[in-house]
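Asks:
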Amino acid sequence: MNRVKILLFATLRDYVGSKTIELEISAGTTIHGLTDLLAAKYPRLEKVRDSMMAAINREYAADEAVVPDGAEIAFFPPVSGG
Amino acid sequence: MNYPTIISITEEKLDLDALLAQVTLPSTGASVVFTGIVRGLTTRGAAHATSHLDYEAYQPMAEEKMRQVADEMRQKWPDLQGIAIIQRVGRLAAGTPTTVIACTTAHRDTGVFEAARYGIDRLKEIVPVWKKEVGPDGEFWVEGDHHPKLDR
Chain A
1 MNRVKILLFA
11 TLRDYVGSKT
21 IELEISAGTT
31 IHGLTDLLAA
41 KYPRLEKVRD
51 SMMAAINREY
61 AADEAVVPDG
71 AEIAFFPPVS
81 GG
Chain B
83 MNYPTIISIT
93 EEKLDLDALL
103 AQVTLPSTGA
113 SVVFTGIVRG
123 LTTRGAAHAT
133 SHLDYEAYQP
143 MAEEKMRQVA
153 DEMRQKWPDL
163 QGIAIIQRVG
173 RLAAGTPTTV
183 IACTTAHRDT
193 GVFEAARYGI
203 DRLKEIVPVW
213 KKEVGPDGEF
223 WVEGDHHPKL
233 DR
């Protein structure tokens, strides 16, 4: 099992109630799998999971990307800067 | 060539004159400075009033993505000289400048207008910054419609 730290922003932070969380995941877990775990633990994420963005080490990551050990993971809604 | 590229996420008031000076070279003859502003009254779409916006950023990734935007601008418009991309965060009242895209060239017909437009469009697509809109009718997070997962 790997312990990963996950950063959350904007609406997702509100839904989870915390800026950062830590989870135990098995080696080989993908962003899709991690999203499943999060949605199971925080049901309010279920309705927004299709629009959730993920980043691994500060770069956008696809659903099938494998979460590397010790990586910085972030989930956030579509960006709205400017 | 060592042209200035200034990238910043800041809570400080934006100083447009100082920024412009930082991207102005002896050979500069044209600049375009785009600034986004907190719109107090929206009439397009659902009309509403806004008192302020609360901005937040995933700062290290946002800075990397702003640098990517600047790199893309230089690739597309090789005549660009200086580039500044600044995003202000925190609580910004209606009427306040929020972001600056400034770029300079020797002459105005070398893509400087298009480059600034591209810069703000890309910032809104890929730079991880969010804003919560607060007005008399309550508050809500604004969400963009671009999905960089599918189209980087």
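Chains A and B supply the protein sequences, listed in that same order. Numbered per the numbering used here, the first sequence spans residues 1 to 82. Numbered per the numbering used here, the second sequence spans residues 83 to 234. A virtual CB, placed ideally from N, CA and C, is assigned to each residue, including glycine. All figures in this text were calculated on a predicted structure; none of them were measured in a lab.
Can you tell me whether DSSP reads residue 193 of chain B as helix, strand or coil?
Replies: On the second sequence, residue 193 of chain B is found 111 positions in, with the first residue counted as 1. The answer is coil: DSSP assigns residue 193 of chain B none of H, G, I, E or B.
Asks: Kindly indicate which three-state DSSP category residue 225 of chain B falls into: helix, strand or coil?
Replies: For the purposes of this step, residue 225 of chain B is identified with residue 143 of the second sequence, where counting begins at 1. DSSP places residue 225 of chain B in coil when its eight states are reduced to three.
Asks: Name, in chain order, the residues that DSSP records as bridge partners for residue 53 of chain A.
Replies: Position 53 of the first sequence, counted from the first residue, corresponds to residue 53 of chain A. Paired residues: A/76.
Asks: Using a Cβ-Cβ cut-off of 6 Å (strictly less than) and excluding sequence neighbours within five positions of residue 119 of chain B, which residues of its own chain qualify?
Replies: As a working mapping, residue 119 of chain B is identified with position 37 in the second sequence. The answer, listed in chain order, is 179.
Asks: Any beta-carbon of chain A closer than 8 Å to the one on residue 84 of chain B?
Replies: Along the second sequence, read from residue 1 onward, the residue named residue 84 of chain B stands at position 2. No, its Cβ sits nowhere closer than 8 Å to a Cβ of chain A.
Asks: Along chain A, which residues have their Cβ under 8 Å away from the Cβ of residue 159 of chain B?
Replies: Position 77 of the second sequence, counted from the start, is the residue given in the question as residue 159 of chain B. In chain order: nothing, as chain A lies at least about 20 Å away.
Asks: Anything in chain B within Cβ reach of residue 11 of chain A, meaning under 7 Å, just list it in chain order.
Replies: Residue numbering aside, residue 11 of chain A sits at position 11 when the first sequence is read from its first letter. Correct list: 223.
Asks: Are the C-beta atoms of residue 219 of chain B and some chain A residue less than 8 Å apart?
Replies: What you label residue 219 of chain B is simply residue 137 of the second sequence in a count that begins at 1. Judged by the 8 Å Cβ criterion, residue 219 of chain B is not in contact with chain A.
Asks: Using only the alpha-carbon positions, how far apart do residue 73 of chain A and residue 93 of chain B sit?
Replies: Within the first sequence, residue 73 of chain A is the residue found at index 73, counting from 1. Within the second sequence, residue 93 of chain B is the residue found at index 11, counting from 1. Each residue's Cα considered, the two are about 25 Å apart.
Asks: What is the DSSP secondary structure of residue 205 of chain B, reduced to helix, strand or coil?
Replies: Numbered from its first residue, the second sequence carries residue 205 of chain B at position 123. Residue state, collapsed to three classes: helix.
Asks: Less than 8 Å between C-beta atoms, sequence neighbours within five positions excluded: which residues of the same chain meet that for residue 78 of chain A?
Replies: Walking along the first sequence from the start, residue 78 of chain A turns up at place 78. The residues are 51, 53.
Asks: Closest Cβ-Cβ distance between residue 227 of chain B and chain A: below 8 Å?
Replies: Numbered from its first residue, the second sequence carries residue 227 of chain B at position 145. Chain A contact via Cβ: present.
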